[in-house]
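Peer 1: Mapping the sequence shown onto my numbering, position 160 (from 1) lands on 160, and the numbers just tick up by one. Glycine included, each C-beta is placed from N, C-alpha and C at the ideal position. As the structure is a prediction and not an experimental result, all values here were calculated from the model. Following this message is one structure expressed as structure tokens.
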Amino acid sequence: MRRFILAGIMVLCLAAGTASAADVKIGYVDMQRALNNSEAGKEAKEQLAARLKKYQDEINGKQDELKRLKEELEKQGMLLSETARAGKEKDYQQKLKEFQRFTKDAQDELQGKDEEFTRKILEEMEKVIKEYAHINGYAFIFAKNDSVILYVDDKADVTDEVLKLFNATKKK
1 MRRFILAGIM VLCLAAGTAS AADVKIGYVD MQRALNNSEA GKEAKEQLAA RLKKYQDEIN
61 GKQDELKRLK EELEKQGMLL SETARAGKEK DYQQKLKEFQ RFTKDAQDEL QGKDEEFTRK
121 ILEEMEKVIK EYAHINGYAF IFAKNDSVIL YVDDKADVTD EVLKLFNATK KK
């Protein structure tokens, strides 16, 4: 659907005849490269990596505790009374559920933060791209990562220029 809309817009613009094809400037931005190479993108990656390490350390500690409880249960299982063994098994199962809940919550939180950082950077980058296009007289600037573009000449790549402008606006 998006392809048809975009193709229709391009056909209408080119068919309008008010400007010759030579006057129309078209460019593209490799959004993935722009995200990865922008200062904001690198900072977001570092923040996510720090959070991941913190969670990984907690997960490792909880795994060690679970392993210790399991070994205790296996070693002492035969020596304990039925109620004591049932109590230890219940404790182990409870800790296992807490561990699983913690890992899922950590994963969800990291994914949410990644999406939040990405969305924020893309919104800011879109403003910079519009400014860049306006200043430099571009009629169209496409995102290379969208599946709409079937072929593009590398000369139309404005990613580096947009990145410079984006990083400069972030330093202000």
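Return the first residue and the last residue of the alpha helix (DSSP H) that residue 162 is part of.
Peer 2: As a working note, residue 162 is residue 162 in the sequence shown. Per DSSP, residue 162 belongs to the alpha helix (DSSP H) from 159-171.
Peer 1: Nearest to residue 118 by CA position, among 168, 32, 23, is which residue?
Peer 2: The residue you call residue 118 lines up with position 118 of the sequence shown. When only C-alpha atoms are compared, the closest one is 32.
Peer 1: Exposed or buried, which one is residue 137 when buried takes at least 16 other CB atoms within 10 Å?
Peer 2: If you number the sequence shown from 1, residue 137 lands on position 137. Answer is exposed; the Cβ neighbour count stays below 16.
Peer 1: Quick one: what does DSSP say residue 139 is sitting in, helix, strand or coil?
Peer 2: Mapped onto the sequence shown, residue 139 falls at position 139. Coil, per DSSP.
Peer 1: So residue 88 and residue 80 are in contact, right, with Cβ under 8 Å, and what is the actual spacing, rounded?
Peer 2: Numbered from 1 along the sequence shown, position 88 holds the residue referred to as residue 88. Numbered from 1 along the sequence shown, position 80 holds the residue referred to as residue 80. The pair is a contact, with the Cβ atoms about 7 Å apart (cut-off 8 Å).
Peer 1: Residue 131 to residue 141, Cα distance in whole Å?
Peer 2: Numbered from 1 along the sequence shown, position 131 holds the residue referred to as residue 131. Numbered from 1 along the sequence shown, position 141 holds the residue referred to as residue 141. Each residue's alpha carbon lies about 11 Å from the other.
Peer 1: Sort 46, 50, 125 by Cα distance to residue 168 and report the nearest one.
Peer 2: As a position in the sequence shown, residue 168 is number 168, starting the count at 1. Out of 46, 50, 125, 125 has the C-alpha closest to the C-alpha of residue 168.
Peer 1: Taking 7 Å as the limit between beta carbons, can you name the residues of its chain near residue 155, skipping five residues before and five after?
Peer 2: Your numbering for residue 155 matches position 155 in the sequence shown. Excluding residues within five positions, none has a Cβ falling inside 7 Å.
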